[in-house]
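Participant:
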Amino acid sequence: MAKQGAPEEIRQLEILEALESNPEARQVDLASGIGVAVGTVNWVLKRMAAKGFVKINRIGQWHWRYLLTPRGLSEKARLTRLYLQDSMQLYRQTREHARSFLCTVRKQGFNEIHMAGDSDSDLADICRLTCLEMGIQVAEKKNSSRQLPAIVIHGRELALSLPDESRKRS
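Rendered as structure tokens:
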């Protein structure tokens, strides 16, 4: 799951979620599941154990069981709450920016746009919903020979790109 927030908190939440569902997960599997190095998982697990979030039991020569403690469950709940708050804030900000851009697009006389940049991202989906809400069509870029405004998405940033002819009109 893609998450916002501080990278360390994200890693910690992802590891806590994984350990809750599979206490005997191998560090290499945890690492590949969240896309970090095995050494990073090892470091995070040691820190969580030191803080009392995880109890580590050896069950074989190279096999470990990681149990979430009550403090660990509480920390997981706290991190989940922070993640949801960050997600909702990002959602609201994206909707606000998209609405502002679409009002500008309307004032320029357009009722259709296309998406550029990270057009398959969650932010692009939020922008598409905002377009639907405001009655503005989202054109397929490859099918559109006309010059249309574009909402350009790069990571968590949005920008509006207007065709040259509309810039001259304003």
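To get our numbering, take the position in the sequence shown, counting from 1, and add 328.
Here a beta-carbon is modelled for each residue, glycine too, at the ideal position from N, C-alpha and C.
1) Exposed or buried, R339, counting other C-beta atoms within 10 Å across all chains shown (16 or more means buried)?
2) Using the C-alpha atoms, what's the distance from E337 back to R393?
3) When you compare the CB positions of L347 and L396, do they come within less than 8 Å of one another, or not?
4) Return helix, strand or coil for K374, following the three-state DSSP convention.
5) Name, in chain order, the residues that DSSP records as bridge partners for Q465.
6) What does DSSP give as the partner residues of G445 in its beta bridges?
7) Do the stretch 449-463 and the stretch 404-414 touch if we need at least three Cβ pairs shorter than 8 Å?
8) Taking Cβ positions, are L486 and I479 nearer each other than 8 Å?
9) So which of W371, V356, R484 has the shortest CA-CA distance to G445?
10) Where do the N-terminal and C-terminal ends of the beta strand (DSSP E) with K383 fall, by residue?
11) Looking only at C-alpha atoms, which of P477, I481, H482 sits nearest to D492?
Facilitator: In this structure, then:
1) Stepping through the sequence shown from its first residue, residue 339 is reached at position 11. Around the CB of R339, 16 or more other CB atoms lie within 10 Å, so the residue is classed as buried.
2) The residue you call residue 393 lines up with position 65 of the sequence shown. The residue you call residue 337 lines up with position 9 of the sequence shown. Going from the Cα of R393 to the Cα of E337 covers about 22 Å.
3) Here residue 347 corresponds to residue number 19 of the sequence shown, with the count starting at 1. Here residue 396 corresponds to residue number 68 of the sequence shown, with the count starting at 1. For L347 and L396, yes; Cβs fall inside 8 Å.
4) Taking the sequence shown and counting its residues from 1, the one referred to as residue 374 is at position 46. When secondary structure is reduced to three states using DSSP, K374 falls in the helix class.
5) Translated into the one-based positions of the sequence shown, residue 465 becomes position 137. Note: Q465 sits in a beta bridge opposite E440.
6) Counting from one through the sequence shown, the residue named residue 445 turns up at place 117. DSSP lists I481 as partners of G445.
7) With the cut-off at 8 Å, the stretch 449-463 and the stretch 404-414 do not touch.
8) Working through the sequence shown from its first residue, we reach residue 486 at position 158. Working through the sequence shown from its first residue, we reach residue 479 at position 151. Going by C-beta atoms, L486 is nearer than 8 Å to I479.
9) For the purposes of this step, residue 445 is taken as residue 117 along the sequence shown, with counting starting at 1. Ranking W371, V356, R484 by Cα distance to G445 puts R484 first.
10) Your numbering for residue 383 matches position 55 in the sequence shown. Segment 382-388, the beta strand (DSSP E) holding K383.
11) On the sequence shown, position 164 is the one that residue 492 refers to. Cα-wise, what sits closest to D492 is P477.
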